[in-house]
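Enquirer: In full-length UniProt numbering, the protein residues as written are 1 to 75.
Glycine included, every Cβ here is placed at the ideal spot set by N, Cα and C.
In this text, all values refer to a predicted model and were calculated from it rather than measured experimentally.
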């Protein structure tokens with residue numbers, strides 16, 4: 001598996017540490033891998049897409065470019 005080094009703000013570091021301390025994740029590696037994967041899936045679902053025309057033809061996207069309503073996020 002490739003190794004990646006990133007710098008994150010202190011508040012994110014504290015939130016990751018808290019999730020580990022609460023038992024949500026076994027260690028930092030698992031936490032960051034899981035959170036990054038979840039974030040990428042969420043971005044793919046609600047973020048910008050190159051195939052907007054294809055999705056609109058399928059009836060999956062509204063006029064605002066996101067699935068659902070303006071204030072609704074699909075995960």
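Is DSSP giving residue 41 helix, strand or coil here?
Expert: Numbered from 1 along the chain shown, position 41 holds the residue referred to as residue 41. In this structure, residue 41 counts as helix in the three-state DSSP scheme.
Enquirer: Note down, in chain order, each residue of its chain lying with its Cβ closer than 7 Å to the Cβ of residue 25, except the 5 sequence neighbours on either side.
Expert: Against the chain shown, residue 25 aligns to sequence position 25. Only 19, 31, 34 meet the Cβ criterion.
Enquirer: Here's a check: name, in chain order, each residue in its chain whose Cβ is nearer than 6 Å to the Cβ of residue 16, leaving out the five neighbours to either side.
Expert: For the purposes of this step, residue 16 is taken as the residue at position 16 of the chain shown. 31.
Enquirer: Name the two residues that bound the continuous alpha helix (DSSP H) containing residue 22.
Expert: For the purposes of this step, residue 22 is identified with residue 22 of the chain shown, where counting begins at 1. Taken as a continuous stretch (DSSP letters only), residue 22 belongs to no alpha helix (DSSP H), as it is neither H nor E.
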